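If you're matching positions, the sequence shown starts at 4 in this note's numbering and goes up one per residue.
Where is the CB? At the ideal position from N, CA and C, for every residue including glycine.
As the structure is a prediction and not an experimental result, all values here were calculated from the model.
Shown next, in structure tokens, is the structure this report addresses.
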Amino acid sequence: MAAFFDLDKTVIATSSTLAFSKPFRHGGLINRRGVLKSAYAQFVFVASGADADQVERMRAHLTSLCAGWDVAQVRAIVEETLHDIVHPLVYAEAADLVAAHKADGHDVVVVSASGAEIVAPIASMIGATHSVGTEMVAVDGRYTGEIAFYCYGPNKAAAMRELAERNGYDLSRSHAYSDSSTDLPMLEAVGRPSVVNPDRALRKVAVEREWPVLAFTKPVPPRPRSTTPVVAIGLGAMAATGAAWYGLQRRRKR
């Protein structure tokens, strides 16, 4: 059995890709104008949610922006700044929920439209078992701006089915969590979907189908760099709100 998590606005409070715009500028990958454009895109993403058109515009902006970037440099920047940039954005309720699933023996999989070079380190940080992200084409160690696999919409569900076949997951008994109506294929691919901080369209679907609706608001408390993954924070606090929601969801689905 597995639990599949969307990343942006489900596990963390904003866009994982846009969150790294300042470190990318400091690394010489983008200029000040690029940072401002990314900051505006992030504001729109957080304030109004991301429908299909907005996601497509962000995808086009980011792929054109990263053309020519050195892949090794991108990975190094993400690894070096992960704690400072992403850790404060993680929802404590999401960390508790990941911990609860792992305690129940479930694999945890992060499935995101963000680039795999960003998704994988974040997934590892929260204690996920696997991750799937958008795969960019690289030639001679540099991104071309083309996409090999866009982990978005129906492609997310396809990636989940492929991973389930490979690892023996029973999707009818598996869980999925997302905030966006664009992830309906992902949620419909499992027998136990839940919505997290849903946009208006997804909330309507959740109410109609009687899916659990979760509200994540609390940031994970600060931690030293040398401690164990974020997910460990939840192990001693299963009575917290996130774990209570998880128990309610499990009872409703039995």
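Excluding sequence positions up to five away, which residues of its chain have a Cβ less than 6 Å from the Cβ of residue i?
i, result
"A123", "S134"
"M163", "F7 and A192"
"D11", "S18 and S19"
"A95", "K221 and V223"
"L251", "Low per-residue confidence applies at L251: pLDDT is 41, beneath 50, and the placement is therefore not dependable enough to give any value."
"V216", "V198 and A209"
"D9", "S181 and D186"
"A22", "I88"
"A126", "V113 and S134"
"E168", "none"
"A235", "For A235, the pLDDT reaches just 42, beneath the cut-off of 50, and the residue's location in the model is therefore unreliable, leaving the point undetermined."
"T84", "P26"
"A204", "S184"
Using 8 Å for Cβ pairs, my map puts residue i next to residue j. What's the rounded Cβ distance?
i, j, result
"R145", "G71", "6 Å"
"I121", "S183", "Not really, about 18 Å apart at Cβ, beyond 8 Å."
"M128", "V89", "7 Å"
"H109", "M189", "16 Å between Cβ atoms; not a contact."
"A131", "V113", "5 Å"
"S181", "T13", "6 Å"
So, at 7 Å on beta carbons, what are the nonlocal neighbours of residue i in its own chain, with the 5 sequence-adjacent residues on each side left out?
i, result
"D87", "none"
"T66", "G148 and I150"
"A218", "N200"
"R78", "E120"
"K159", "V114, D186, P188 and M189"
"P91", "P222"
"E173", "Checking the sequence, you will find Asp at residue 173 rather than Glu. For D173, where only same-chain residues beyond five positions count, the Cβ hits under 7 Å are M4."
"P157", "P188"
"V49", "Note that V49 scores a pLDDT of 42, beneath 50, so its modelled location is shaky; the value from the coordinates is reported in the next line. So the qualifying residues of the chain are T17."
"C154", "V114, S115, A116, V135, G136, T137 and A162"
"D73", "G144 and R145"
Within a Cβ cutoff of 8 Å, which residues of the same chain sit near residue i, ignoring the five residues on either side of it in sequence?
i, result
"Q76", "G30 and L32"
"W214", "L190, P196, S197, V198 and V208"
"E82", "P124"
How about residue i: is its C-beta nearer than 8 Å to some C-beta of chain D?
i, result
"S19", "This model lacks chain D altogether; it includes just one protein chain."
State the beta-bridge partners of residue i as determined by DSSP.
i, result
"H133", "V112"
"D11", "I15"
"F23", "For F23, which the question treats as bridged, DSSP gives no partner whatsoever."
"M139", "I150"
"A6", "V111 and H178"
"R164", "According to DSSP, which records beta bridges pairwise, R164 is partnered with nothing at all."
"R145", "D73 and V142"
> Taking only runs of the alpha helix (DSSP H) that begin and end inside the region 55 to 125, which ones reach a length of at least 4 residues, in chain order?
Replying inline: List check, alpha helix (DSSP H) in window: 55 to 69, 74 to 88 and 95 to 106.
>> At 4 residues or longer, what runs of the alpha helix (DSSP H) sit wholly inside the region 176 to 232?
In response: 187 to 191 and 203 to 212
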